[in-house]
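Working notes for the structure below.
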Amino acid sequence: MLDLNGKSILITGGTGSFGKAFTKIVLERWPHIKRLVIYSRDEQKQFQMAMDYPESKYPMIRFFIGDVRDGDRLKRALKNVEYVIHAAAMKHVPIAEYNPMECIKTNIMGAENIIDASLEGSIQKVVALSTDKAAAPINLYGATKLASDKLFVAANNIRGANPIKFSVVRYGNVMGSNGSVIPFFLNKRKERVLPITDTAMTRFNITLTEGVEMVLHALESAWGGELFVPKIPSYKITDVAEAIGPDCEHRVVGIRPGEKIHEEMITSSDSFSTYDLGKYYTILPQNLSFKIGDFIDQFNAKKVPEGFRYNSGENTEWVSVEELRKLIKEHVDPTFTI
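So the number in the numbering used here is just where the residue sits in the sequence shown, counting from 1, plus 72.
Structure representation (structure tokens):
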């Protein structure tokens, strides 16, 4: 049973949507956490978040300005930290395509800096956040996150006698996160036109809370090298448009460069090392640092069939228009009405 009371945690990109949700849940669940370090490079976001967590009431929270590109700064920030959540990334697909080296420096070199700093410190576990775009990537962002995933998985091979464990969690667009389709449509409906890239498009649906729970699961259960994938429902982009703006024009504008019709999280090539854990799937590394039989016994893991794949278009669970409206009101905009 995971117990973070008395522990120290650092989260990179801690002022983002995930970081805020993670902070809220951790403080509610473990009020006696020793230290929670919010590491990010945006001073304005840190200032705004600090207003919500004044030091007089939350002395365990530390706001640490820094960039994952800066290895020395990371080493200082990670001093006496036990758990690391790596959520910082350059995520916008078109911006990454236009500024490729900036994306590489943050997503790949930043990942390597996290690994190096963690190996030198007193870290017990590192959980890195990935994306569906890292599965069979067709854009630079996805390619850099695939490289990042490989780095974190392979880090378990170079830890030597260090008991540290590195793992990865992968999921798609988070409902209501910055830049995602639902807040975009909510804003666009004021113009009475909702731009739809392709009527066949589907996406997985996960809430911020579910994303946080998945990271906590990895913190508690990871043996080192696993890539965790959640079992979550899908929605059709046309159903999102119907849920938000049934009276709006639904204008097809065409798919953007680097965008997929369906989100992929497990490819058929991954099936040879993928196991069903019940609530999650896990893709195991090629070079295991543990005995597979022990792993299967511990988690009652079941090998998926060869050729298995997991994408939003072939999912068996779907979110309806009415369910989308309820979720939007609960997780995105409490004032939402049709």
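Backbone N, C-alpha and C define an ideal beta-carbon position, used for all residues, glycine too. Here the structure is a predicted model, which means the values were calculated and not measured.
The stretch 118–161 is shown to contain whole alpha helix (DSSP H) runs of 4 or more residues at 143–149, in chain order. In the three-state reduction of the DSSP assignment, residue 114 falls in the coil class, being assigned neither a helical nor a strand state. The continuous beta strand (DSSP E) containing residue 352 extends over residues 352–355. Around residue 371, the same chain offers 349 as residues with beta carbons nearer than 7 Å, after the five sequence neighbours per side are excluded. Nearest in C-alpha terms to residue 305, of all of 325, 110, 385, 355, is 385. Here DSSP, grouped into helix, strand and coil, assigns residue 95 to helix.
Restricting attention to beta strand (DSSP E) runs no shorter than 3 residues, the stretch 176–210 encloses them at 197–201, ordered along the chain. Cβ-Cβ distances below 6 Å link residue 158 to 84, 186, 200 in the same chain, with the five nearest sequence neighbours on each side left out; the list follows chain order.
The beta strand (DSSP E) runs lying completely inside the stretch 302–348 and spanning 3 residues or more are 306–308, 321–324, 336–338, 346–348, given in chain order. For residue 267, DSSP records a beta bridge to 323. With a threshold of 16 other beta carbon atoms within 10 Å, residue 323 falls short and is exposed. With respect to residue 301, residue 213 sits apart: the two C-beta atoms are not nearer than 9 Å. Contact annotation, residue 280 with residue 112: C-beta distance approximately 17 Å; criterion of less than 8 Å not satisfied. In this structure, the beta-carbon distance from residue 333 to residue 274 falls below 9 Å.
Taking residue 224 as the centre and dropping the five residues before and after it, the same chain places the C-beta of 200, 238, 240 closer than 6 Å to its C-beta, in chain order. Between the alpha carbons of residue 248 and residue 196 lies a gap of roughly 31 Å. Taking a 10 Å sphere around the C-beta of residue 318, we find fewer than 16 other C-beta atoms and assign the residue as exposed.
Closest in C-alpha terms to residue 299, from the list 408, 259, 226, 252, comes 226. With contact defined as three or more Cβ pairs closer than 8 Å, the stretch 307–316 and the stretch 262–276 are in contact. Under the three-state reduction of DSSP, residue 274 is assigned to strand. In the three-state DSSP reduction, residue 231 falls in the coil class, being neither helix nor strand. Going by C-alpha positions, residue 379 is about 46 Å away from residue 134.
DSSP places residue 222 in the uninterrupted alpha helix (DSSP H) bounded by 212–226. From the listed residues 329, 230, 409, 181, the smallest Cα separation to residue 258 is found for 409. Judged by their CB atoms, residue 218 and residue 206 are nearer to each other than the 9 Å cut-off.
In this model, residue 365 and residue 296 are separated by some 15 Å (Cα to Cα).
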